[in-house]
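Numbering (my numbering), first residue to last: 22 to 176. In what follows, a single structure is set out as structure tokens and then discussed.
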Amino acid sequence: MAEWDHGDTRPVDQVMGAFFLMRRDLFDGLGGFDERFFVYFEEVDLSYRAHQAGWQSVFLADAQAFHAGGGTSRQVKAHRLFYSLRSRLLYGFKHFPRWQAWVLIGITGVAEPLTRTAWCLARRDLAGVRHTWSAYRMLWRGMGRIIRGEGRFAP
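Structure follows, in structure tokens:
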């Protein structure tokens, strides 16, 4: 996010879940994290619900944290991609108008695997192609559950 100076404290749409602080009474009042989301989008969903309740997220320039990113999921790339895609679609069906959620399915389920494959092939990353298609097979098998809002299912 290079479009603004991170030296200043300011309101933002959301903060990264790896360093996410919230008042306990607000967390409880919002019903906590939606357990349908696993690893990805749970903080986005919670931030959006807090915003709807009149609260705002703030980036604190003086606070510091280190997040290596992917540390727990680096060895399971296909599953990591699957959970990310699944959470994105669950979020869309939870918060977007129905027609926009269906557009998101079209982009995520049809256009994106093709562009990811092309990117991997351009880099001669055949393992990346295998991971991509493995993740999308898991996603497509669970698409009915996503549309119905059933988040907690294994690939």
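Every residue, glycine too, gets a C-beta built ideally from N, C-alpha and C.
Original post:
Between Pro32 and the rest of its own chain, which residues show a CB-CB distance below 6 Å, the 5 nearest in sequence each way excluded?
Top reply: Within the sequence shown, the letter at position 11 stands for residue 32. Correct list, in chain order: Gln77, Val79.
Subject >> Contact belief for Arg107 with Ile167 at Cβ below 8 Å, rounded distance in angstroms >> reply: Residue mapping note: residue 107 aligns to position 86 of the sequence shown, counting from 1. Residue mapping note: residue 167 aligns to position 146 of the sequence shown, counting from 1. Contact flag correct, Cβ pair sits at about 6 Å.
Original post:
For the alpha helix (DSSP H) that contains Arg70, what are its first and last residues?
Top reply: In the sequence shown, residue 70 corresponds to position 49, counting from 1. Looking at the DSSP string, the run of the alpha helix (DSSP H) that includes Arg70 is 63-73.
**OP:** State the start and end residues of the unbroken alpha helix (DSSP H) segment that holds Pro134.
**Re:** Position 113 of the sequence shown holds residue 134. Per DSSP, Pro134 belongs to the alpha helix (DSSP H) from 133-143.
Original post:
Applying the criterion that 16 or more other CB atoms from any shown protein chain within 10 Å of the CB defines a buried residue, is Thr153 buried or exposed?
Top reply: Translated into positions along the sequence shown, residue 153 becomes position 132. Counting Cβ neighbours within 10 Å, Thr153 comes out buried, since at least 16 surround it.
Subject >> Spatial neighbours of Gly28 in its chain, beta-carbon cut-off 8 Å, leaving aside the 5 residues before and after >> reply: Locating residue 28 in the sequence shown gives position 7, where the first residue counts as 1. Counting only Cβ-Cβ distances below 8 Å, and skipping sequence neighbours, we find Ala82.
Original post:
So what does DSSP say about Arg44, is it helix, strand or coil?
Top reply: To locate residue 44, count along the sequence shown from 1; it is residue 23. Looking at Arg44 - three-state DSSP - the assignment turns out to be coil, as it is neither helix nor strand.
Original post:
Would the region 65-75 and the region 122-129 be scored as touching if the rule is three or more Cβ pairs under 8 Å?
Top reply: no
Subject >> Beta-carbon gap between Gln35 and Glu64 smaller than 8 Å >> reply: Locating residue 35 in the sequence shown gives position 14, counting from the first residue. Locating residue 64 in the sequence shown gives position 43, counting from the first residue. Yes, Cβ-Cβ distance for Gln35 and Glu64 is below 8 Å.
Original post:
Would a C-beta distance cut-off of 8 Å place Val150 and Thr136 closer than the cut-off?
Top reply: Within the sequence shown, the letter at position 129 stands for residue 150. Within the sequence shown, the letter at position 115 stands for residue 136. Taking 8 Å as the Cβ cut-off, Val150 and Thr136 do not qualify as a contacting pair.
Original post:
With distances taken from CA atoms, which of Phe103, Trp120, Asp46 is nearest Glu133?
Top reply: Start at 1 with the first residue of the sequence shown, and residue 133 comes out as number 112. Checked all of Phe103, Trp120, Asp46; the closest Cα to Glu133 is Phe103.
Subject >> Boundaries (first-last residue) of the beta strand (DSSP E) holding Val33 >> reply: As a first step, residue 33 is located in the sequence shown; it is residue number 12 there, counting from the start. Element bounds for Val33: 31-33.
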